[in-house]
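Chains as they are written, first to last, in my numbering: chain A, 2 to 277; chain B, 18 to 235.
Cβ coordinates follow ideal geometry from the N, Cα and C atoms, glycine included.
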Amino acid sequence: MKDLIIAEVYKLFKQSKTFYAITAILIIEFLVLVSAYYQGSAIIDILLSNLKDTFYFEGNLLNGNLLVYLILNTFWFHLPLILIIVVSGMLTSEYKDNTLQTIMLQPIEKWKFVMSKYIVAIGFTISVVFLTALTAFVFSYVFFGKGDLVIYLGTLNFFNSADAQYRLQMAFLSGTVSMVFFSVASMTIAVIMKETTKTWIIAALFLIVSNVLQKVEINSVWYHKWFFPKLNNAWQLLFYQDIPWQEIYRSNILLMGYIIVFVFMGVGIFNKNDIK
Amino acid sequence: MRKLIYITCLFLGTFMLNAQEADSDLLVVKERLDSIIAFTADLELNVDVSFINMPTKYAKMHYKKGSPVNFESDDFVMVPKRGLDLSMQELFKNPFITVDRGKEEVNGTVLKKINIIPTNNKADFAIATLWIDTDVKRIEVSEINTKKNGTYKIFMNYNTSGAILPNKVIVSFEIEKIKLPIQYVAKNVEVDRKKMRKEATKTGNFILNISNYKIDKK
């Protein structure tokens with residue numbers, strides 16, 4: 002198993018699309034920073050426009066913490082999309098290049114082979130989120146400095162710089178579970194679909210539908226408390242004044258449950274199917 | 018019709034009887050406040066507005082006669098534009114007349130209630146009401162009806178009987194509900210727009226604890 006994992010890591014970093022993906026994430030971060038630099042003041046002005054008649058403001062809200070929060074918002078779509086492409090490609094490229102047959106001629110158990118892919122996919126996802134967080138904090142703080150964070154979530158919430166930094170770090174941690182979920186789901190879709198383009202389309206559809214369903218309000222406790230699209234926004238809860246920790250823990254634990262289900266589903270299907 | 022004219026004359030007559038150039042008690046208070054040339058103080062700011070969550074903020078306040086009040090802070094701070102004119106220079110800047118509205122008990126203290134009405138158009142308020150403690154010669158409460166920014170009320174607490182400037186100020190003001198630029202700064206916010214329109218204007222409070230006054234007096 003250990004050797005399989007090492008081989009998967011080697012293959013992952015041998016393929017150029019892994020580095021394209023990492024570069025794409027850095028480009029997105031760069032674009033967020035550049036657009037914030039040019040129109041960031043306007044964003045703050047719009048946000049506080051109604052309050053300007055009543056209050057004087059002293060201090061700068063366009064700072065590194067707001068920028069990290071904007072980068073964090075790539076968790077909704079951009080980051081999972083890139084992860085889906087890379088992770089699903091770990092298996093579909095093996096089907097496409099017919100390397101799977103060669104591997105299966107070796108004395109390797111099928112479930113161990115696909116499980117090692119899941120483990121490497123999870124490790125890769127965690128590393129990418131860590132890299133995103135690290136670069137987001139470093140670049141944002143270097144170019145924009147630290148300061149209070151303002152976020153609109155039904156109410157206008159202000160956080161002191163240190164508190165904002167803590168919440169952003171926790172949000173990255175919580176968001177990692179959500180990103181792992183999408184990566185694992187895309188690997189399972191790859192197990193089912195086998196073909197690269199079809200896998201990407203279905204995995205992207207899965208992401209889009211999850212985002213849409215997250216906004217849909219249905220009068221159902223199961224839908225709100227247990228259905229996976231509703232569990233993916235736990236990181237956003239960290240920006241309420243009083244953090245609903247129980248809700249965050251519950252969502253993340255449930256999401257981990259979904260991750261395990263998707264892994265077992267993928268391993269089971271792969272193990273059962275013949276390699277053609 | 019004739020009855021209406023009599024009533025109007027009677028009302029205006031009563032009003033004019035009480036109206037005077039400037040109330041003597043107010044002039045004493047004004048003289049005390051005018052003696053302040055400049056001051057600095059430390060501020061602890063708390064915002065009590067239903068749709069704003071802000072932690073306690075700290076700032077330094079600088080006042081110099083003839084200039085607007087300045088604030089200095091390492092944090093981001095939000096201070097009300099109105100209600101921090103502790104020297105009341107804005108109120109007395111333009112010519113005015115006063116109307117004695119009698120005595121009124123506020124928080125267990127009997128205070129003299131006076132209306133201030135500006136006599137030219139330059140003043141940015143239409144009418145101000147002051148509740149003055151004549152024994153200690155200072156303003157305890159003021160309510161100012163501005164021409165453009167609604168009404169705000171200021172409650173002032175003093176830590177000693179001889180203090181000219183308050184150690185605690187509560188500014189109560191009307192505030193418009195914020196609009197929603199959520200495409201920039203938030204996502205996934207459930208918004209009841211109908212409810213928001215109904216609650217277009219709200220009342221908020223700004224609570225200031227002021228300490229370490231360094232007052233430069235005449």
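Counting along the chain, residue 126(B) sits inside the beta strand (DSSP E) bounded by residues 126-135. The continuous beta strand (DSSP E) containing residue 117(B) extends over residues 113-123. Every alpha helix (DSSP H) of 4 residues or more that sits fully in the region 21-79 of chain A is shown, in chain order, as 65-73.
For the set 233(A), 241(A), 10(A), the Cα lying nearest the Cα of residue 254(A) is the one of 233(A). In this structure, residue 197(A) sits near residue 97(A), with a CB-CB distance shorter than 8 Å. In this structure, residue 90(A) sits away from residue 148(A), with a CB-CB distance that is not shorter than 8 Å. Using beta-carbon distances, residue 90(B) counts as an interface residue toward chain A, with a partner under 8 Å. For residue 148(A), at least one C-beta of chain B is nearer than 8 Å to its own C-beta.
Three or more pairs of CB atoms, one per stretch, sit closer than 8 Å, so the region 124-144 of chain A contacts the region 158-178 of chain A. Using a Cβ-Cβ cut-off of 8 Å, residue 76(B) is close to 59 of chain A, given in chain order.
Excluding five sequence positions before and after residue 272(A), the CB atoms of its chain that fall closer than 7 Å to its own CB belong to 111, 112, given in chain order.
Residue 131(B) sits away from residue 113(B), with the two beta carbons spaced by 8 Å or more. Using a 10 angstroms sphere on the CB of residue 126(B), the tally of other CB atoms stays under 16, which defines it as exposed.
Within chain A, the residues placing a beta-carbon under 7 Å from that of residue 192(B) are 55, ordered along the chain. Taking every protein chain shown into account, the CB of residue 43(A) has fewer than 16 other CB atoms within 10 angstroms, so this residue is exposed. Shown here, residue 159(B) sits in a strand according to DSSP, grouped into three states. Rounded to the nearest whole angstrom, the CA to CA distance from residue 72(B) to residue 260(A) is 38 Å. Chain A places no beta carbon closer than 8 Å to that of residue 162(B), leaving this residue out of the contacts.
About 6 Å separates the beta carbons of residue 154(A) and residue 240(A), which is inside the 8 Å limit, making them a contact pair. Taking one beta carbon from each stretch, the region 87-95 of chain B and the region 64-78 of chain B have 3 or more pairs nearer than 8 Å; the two touch. Non-local C-beta neighbours of residue 67(B) in its own chain, meaning closer than 8 Å and more than five positions away in sequence, comprise 219, 221, ordered along the chain. In the three-state scheme derived from DSSP, where H, G and I count as helix and E and B as strand, residue 228(B) is classed as strand.
Within the region 242-260 of chain A, the residues whose Cβ lies closer than 8 Å to any Cβ of chain B are, in chain order, 242. Contact between residue 121(A) and residue 49(A) is ruled out by a C-beta separation of about 46 Å, above the 8 Å threshold. About 4 Å separates the beta carbon of residue 40(B) from that of residue 115(B), a gap short enough to meet the 8 Å contact definition. If you draw a straight line from the Cα of residue 93(A) to the Cα of residue 57(A), it is about 58 Å long.
Judged by beta-carbon spacing, residue 117(A) lies within the 8 Å limit of residue 5(A), meaning their Cβ atoms are closer than that value. Residue 175(B): not part of any beta strand (DSSP E); DSSP gives it neither H nor E.
A straight line joining the alpha-carbon of residue 37(A) with that of residue 74(A) spans about 13 Å. Burial is judged here by how many other beta carbons sit within 10 angstroms of a residue's own beta carbon; residue 150(B) has at least 16 and is buried. Separation of the CB atoms of residue 179(A) and residue 236(A) is rounded to 7 Å, and the pair is thereby assigned contact status at 8 Å. For residue 156(A), the chain B residues whose C-beta falls within less than 8 Å of its own C-beta are 67, 68, 69, 70, listed in chain order.
The beta carbons of residue 189(A) and residue 257(A) sit no closer together than 8 Å.
Sixteen is the threshold: when 16 or more other Cβ atoms of the shown chains lie within 10 Å of the Cβ of residue 94(B), as they do, the residue is buried. In this structure, the beta-carbon distance from residue 141(A) to residue 65(A) falls below 8 Å.
Looking at the DSSP output, residue 191(B) sits in a beta bridge with 220(B).
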